[in-house]
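Under my numbering, the first residue of the sequence shown carries the number 232, and numbering increases by one thereafter.
Note that CB positions come from ideal geometry on N, CA and C, so glycine has one too.
If you're wondering where the values come from, they're calculated on a predicted model, not measured in any experiment.
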Amino acid sequence: MIEVQELTKTYQNMAAVSNVSFTVKEGQTLIILGTSGSGKTTTLRMLNRLIEPTSGAIYIDDKNILSQPPELLRRSIGYVLQGYGLFPHYTVAENIAIVPKLLKWSKDRIQHRVDELLVKLQLSPEEYRDAYPANLSGGQMQRVGLARALAASPPILLMDEPFGALDPLTRSAVREEFKQLDELKKKTIILVTHDVQEAFELGDKIALMDKGCIQQLASPSELLFRPQNDFVKAFFKHQLFQLGWQSVPLKSIWDDMPDAKPHAGSALSSRNSLWEAMQELANNNTSVFAFDEETGSGREVTFERLKTAIQKQKRQF
């Protein structure tokens with residue numbers, strides 16, 4: 232668990248971050264969302280002490296990280312840089328192996344881990360192991376950057392605008408791979424972005440920042456339907472319709488839909504959002520099947536039931 236208490240960073244008496252506090256539970260994904268200059272990246276970099284805070288406290292598993300040697304702290308936290316951050320004179324394998332080498336893993340263990348991650352990230356080890364960053368596409372470099380952050384199996388992953396340098400189509404594809412990657416299922420993740428759709432797609436909780444302060448920390452649904460101030464309300468105003476559909480999973484309306492015989496070819500999972508269900512309906516016909524892995528139950532999804540569900544969600548808030 233990560234606990235941040237009244238974190239502040241000032242430069243020449245100007246506060247870049249002011250009294251920021253939040254808690255991230257084990258296995259949770261927190262998105263720090265905001266425009267340029269809001270303090271989100273400064274906040275992230277204080278968590279692995281790339282920037283030293285002026286005041287405040289940061290605890291990871293009840294240990295104050297400010298009392299630990301920074302280099303040891305960083306070896307236990309994966310960090311994905313904005314703009315890939317790969318060493319151009321290192322091969323893909325050498326880039327991924329940086330932290331395992333610092334931890335003095337054996338050569339065989341390092342090679343096995345490198346190849347394992349390349350396969351998981353849909354990069355053939357035979358083709359990419361000895362390649363250099365200059366020969367990779369943007370999407371491939373982003374995958375290698377993620378593999379490097381995951382190499383030593385850290386429990387915590389910090390990500391600074393990880394998809395920001397990608398074109399829209401590649402960004403969408405890599406983001407989808409990110410959601411499905413088993414390596415990330417149990418990680419505690421803090422991800423910085425200015426992309427609202429990305430925040431709603433990936434976050435369990437979202438901390439919306441402005442002028443160095445958290446304006447609201449809440450679930451995606453709460454941000455939309457229960458904004459705490461005018462800034463939060465205005466920030467999401469122009470994307471309210473789509474975000475409303477994206478923020479609600481099918482699981483939350485499971486009992487409001489009729490039973491349907493589950494089958495392996497079901498188009499949707501109960502984890503899919505109402506927006507994804509609506510897209511699936513647009514590609515098919517009047518209804519689609521959804522399957523819940525936990526209960527083994529199936530449901531029939533229609534547009535009318537989705538519409539009723541989002542109206543019900545609004546009334547709850």
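*Report yes if the C-beta distance between A602 and Q236 is below 8 Å; otherwise report no.*
Outside the shown range of the chain, which is 232 to 548, sits residue 602, and nothing can be said about it.
*If we count the other Cβ atoms within 10 Å of its Cβ and call it buried at 16 or more, is Q371 buried or exposed?*
buried
*What number of angstroms, rounded off, separates the C-alpha of L304 from the C-alpha of N279?*
7 Å
*Is DSSP giving M440 helix, strand or coil here?*
strand
_Assuming the contact rule is C-beta atoms closer than 8 Å, I327 and V375 should be a hit. Round their C-beta distance to whole Å, please._
7 Å
_Sequence-distant residues of its chain with Cβ nearer than 7 Å to L381 (five each side left out)_ = G309, L348 and E414
*Work out the CA separation of L422 and A246 for me, nearest whole Å.*
22 Å
*With a CB to CB cut of under 7 Å and the five nearest residues on each side skipped, what residues in its chain are close to V248?*
L238, T239, K240, G270, T273, T274 and G443
*Quick one: Cα of A498 to Cα of S478, how far?*
19 Å
_Please give the ranges of any alpha helix (DSSP H) in the region 255 to 338, keeping only runs that are unbroken, at least 4 residues long and fully inside the region._
271 to 278, 301 to 306, 323 to 327 and 329 to 333
*Just reading off the alpha helix (DSSP H) that V463 is part of, what are its end residues?*
D461 to F467
*Mind listing, in chain order, the continuous beta strand (DSSP E) runs of no fewer than 3 residues lying wholly within the region 475 to 531?*
518 to 522
*Measure the Cβ-Cβ separation of A430 and I262 and say whether it is below 8 Å.*
yes
*Could you pull the start and end residues of the alpha helix (DSSP H) that E453 belongs to?*
P451 to F456
*Between the CA atoms of S286 and L377 - distance to the nearest angstrom*: 31 Å
*Determine, using beta carbons only, whether T322 and D346 come nearer to each other than 8 Å.*
no
*Curious, which full-length beta strand (DSSP E) runs of at least 3 residues does the region 352 to 403 contain?*
387 to 391
*Using 10 angstroms around the beta-carbon of S368, count the other beta-carbons present and answer buried if the total reaches 16, otherwise exposed.*
exposed
*Given that a residue counts as buried once 16 or more other Cβ atoms are within 10 Å of its Cβ, and exposed if not, what is D441?*
buried
*asked:* Quick check on this structure: which residue in S252, F522 and L264 has the alpha carbon closest to the alpha carbon of F466?
replied: L264
*Quick one: grab the DSSP three-state call for L448.*
strand
*asked:* Comparing C-alpha positions only, which one of Q447, S452 and Q470 sits nearest to D461?
replied: Q447
*Please state if the CB of L397 and the CB of Q428 are separated by a distance shorter than 8 Å.*
no
*asked:* Closest to G527 by C-alpha separation, out of E535, A491 and A508, would be which residue?
replied: A491
*Is it a yes or a no for the region 452 to 459 touching the region 292 to 304, going by three-plus beta-carbon pairs under 8 Å?*
no
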